[in-house]
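I have placed the structure first, in the form of structure tokens, so that the comments after it can refer back to it.
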Amino acid sequence: KNWRAVRRMSLMKNELEKILGCPTCPQLTTLLLQKNHKLVNISGEFFRFMPNLVVLDLSWNSSLTGLPKQISELVSLRYLDLSYTNIERLPVGLQELKQLIHLNLESMKSLESIAGVSKLLSLKTLRLQKSKKALDVNSAKELQLLEHIEVLTIDIFSSLVLEHLLCSQRLAKSIQYVELIEVEEESFKILTFPSMCNIRRIGIWKCGMKEIKVEMRTSSCFSSLSKVFIGQCDGLKELTWLLFAPNLTYLDARFAEQLEDIISEEKAASVTDENASIIIPFQKLECLSLSDLPKLKSIYWSPLSFPRLSELAVQEHCPKLKKLPLNSNSGTAGVELVVKYGEN
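Note that this note's numbering has the sequence shown beginning at 919, numbered continuously upward.
Right, here's the structure in full:
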């Protein structure tokens, strides 16, 4: 077929097994090749004459394990999505994509390294969640070299990697989604968050820290944070740092054996200044889910309005939580408040 006049091409869900040939595509700007689950090979020649290609989507090609070095010929490429592929190594040619601003490497379970990413001088968005093998201390050092990074999503399995990321103000501010998973080193007792004004979601699973702190005790510290998930963190006794997340909409805490308070009155007094009385938590909260918290006694020490709350679920094994901090204004922002309490 004649590709010369084509500007946008979609070959998604076409059961392609191989992509061969050397089409001449001087006007092609967008090429969508995702969800060809049988695709195992793309020839190097295929990319040679696509000088104006801006968007290349290869996501969800689960049989694809590599890319040719000739991807370096895509000198205009700005958006590349390789998520949900089984690519093991990033091609050397990737480093030549000096115009690339968005790179999606999420859920690449076979990816062994992100070596060379630091050479992508224009990169602003890098998505790495659920790509476990690729994230070590060397990866963190690569990320520190990205001068224009604005959006980063990442899973962290080591306190050393976490330390490298959070010590860089630029990286800390760029993190949009982060999950800490099985960070259990003996030295990792206190997790101290810097100001992370762009972070939207935090998940902390099976981690050994005994306390979570914030460096900047202001309401702007987590101004974009909307979702928090805490699970199987048996050292934590309270989550008072959530005072500094004014736009939190979803909180899920479960299987934390030592958790006694969501917001501790004593801790709140120690981490806020004389203006503490103006910090009213959970004003944007829509869903609160608590389960398997055997020592939990309190969500908050006095009634709160929870104006946007639509679901409050206190499910299994929270025997010490006898009182919910609701008042007559709870759930009055035009939504029906559903309260689920107990195993039923």
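In this text, a Cβ means the ideal position worked out from N, Cα and C, and glycines have one as well.
query	result
Leaving aside the five residues before and after ASN1193 along the sequence, list all residues of the same chain whose C-beta is less than 7 Å from its C-beta, in chain order.	Because ASN1193 sits at a pLDDT of 48, beneath the cut-off of 50, its placement in the model cannot be relied upon, and the following sentence gives the value as read from the coordinates. Taken in chain order, the list of residues that qualify is empty.
Helix, strand or coil: which one does DSSP assign to GLU1133?	coil
Tell me where the beta strand (DSSP E) around SER1188 begins and ends.	Counting along the chain, SER1188 falls outside any beta strand (DSSP E), though it belongs to the alpha helix (DSSP H) covering 1183-1189.
Assign THR1110 to buried or exposed, taking buried as 16 or more other Cβ atoms, counted over all protein chains shown, within 10 Å of its Cβ.	exposed
Within 10 Å of its beta-carbon, does CYS940 have 16 or more other beta-carbons around it, so buried, or fewer, so exposed?	exposed
On the DSSP bridge assignment, give the partners of CYS1139 in chain order.	Answer is none; CYS1139 lacks a bridge partner.
Does the beta-carbon distance from ARG996 to ILE1019 come in below 7 Å?	yes
Exposed or buried, what is PRO944 when buried is set at 16 or more other beta-carbons lying within 10 Å of its beta-carbon?	exposed
Which complete alpha helix (DSSP H) runs does the stretch 1045-1099 hold, if anything under 4 residues is left out?	1055-1062, 1077-1084 and 1087-1092
By the three-class DSSP mapping on this structure, what secondary structure does SER961 have?	coil
Please name the residue in LEU992, ALA1033 and SER1141 whose C-alpha comes closest to that of ILE1093.	SER1141
Helix, strand or coil: how does DSSP classify GLU1111 here?	At residue 1111 the sequence reads Phe, which differs from the Glu that was named. In this structure, PHE1111 counts as strand in the three-state DSSP scheme.
Out of VAL1010, GLY1149, CYS1236 and ILE1099, which has the shortest C-alpha to C-alpha gap to SER1031?	VAL1010
Can you tell which of ILE1198, LYS987 and GLU1184 has the C-alpha that lies nearest to the C-alpha of ARG1007?	LYS987
Could you say which of GLY984, VAL1146, GLU963 and TRP1219 lies nearest to LEU1029 if we only look at CA atoms?	GLY984
Mind checking which residues open and close the beta strand (DSSP E) that includes GLY1149?	1145-1149
Apart from the five residues just before and just after LEU1230, which ones in its own chain have a Cβ nearer than 6 Å to its Cβ?	LEU1206 and VAL1257
Please name the residue, chosen from LEU1169, CYS1139 and CYS1151, that lies closest to PHE1106 on a Cα-to-Cα basis.	CYS1151
What are the partner residues of PHE967, as DSSP defines its beta bridges?	THR942
Following the continuous beta strand (DSSP E) through LYS1042, name the residue where it begins and the one where it ends.	Note, LYS1042: premise wrong, no beta strand (DSSP E); not H, not E.
Roughly how many angstroms lie between the CA atoms of LEU1041 and ASP1073, to the nearest whole one?	19 Å
Provide the residue span of the beta strand (DSSP E) that contains SER928, from first to last.	926-928
Roughly how far, in whole angstroms, is the beta-carbon of THR1003 from the beta-carbon of MET968, given that I think they are within contact range, below 8 Å?	Actually they do not touch by this definition, with Cβ atoms about 19 Å apart.
Quick one: residues in its chain with C-beta nearer than 8 Å to the C-beta of ASN1262, no 5 flanking neighbours on either side, listed in chain order?	Bear in mind that the predicted position of ASN1262 carries a pLDDT of just 49, short of 50, making it too unreliable to give a figure here.
Thinking LEU1161 and ALA1186 are a contact (beta carbons under 8 Å), I'd like their distance in whole angstroms, please.	6 Å
According to DSSP, simplified to helix, strand and coil, what is VAL918?	In the structure as shown, the chain starts at 919 and stops at 1262, and residue 918 therefore has no counterpart that could be examined.
In the DSSP assignment, what are the bridge partners of ARG996?	Answer is none; ARG996 lacks a bridge partner.
Give a yes or no on whether 7 Å exceeds the smallest Cβ distance from LEU1041 to chain B.	Of the chains in the structure shown, none is chain B; there is only one protein chain.
Would you please state the rounded distance, in angstroms, between the beta carbons of GLU1178 and LYS1215? I believe it to be under 8 Å.	5 Å
Exposed or buried, what is TYR1259 when buried is set at 16 or more other beta-carbons lying within 10 Å of its beta-carbon?	exposed
Considering Cα atoms alone, identify which of LYS936, THR947 and GLU935 is closest to TRP921.	THR947
Going by beta carbon distance, what residues of the same chain come within less than 6 Å of SER1049, once the five residues before and after it are set aside?	LEU1023, MET1026 and LEU1029
Does DSSP put THR948 in a helix, a strand or coil?	strand
Quick check on the DSSP output: the beta strand (DSSP E) that includes LYS1120 runs from which residue to which?	Just to set this straight, residue 1120 is Ile in the shown sequence, not Lys. That run of the beta strand (DSSP E) goes 1119-1123.
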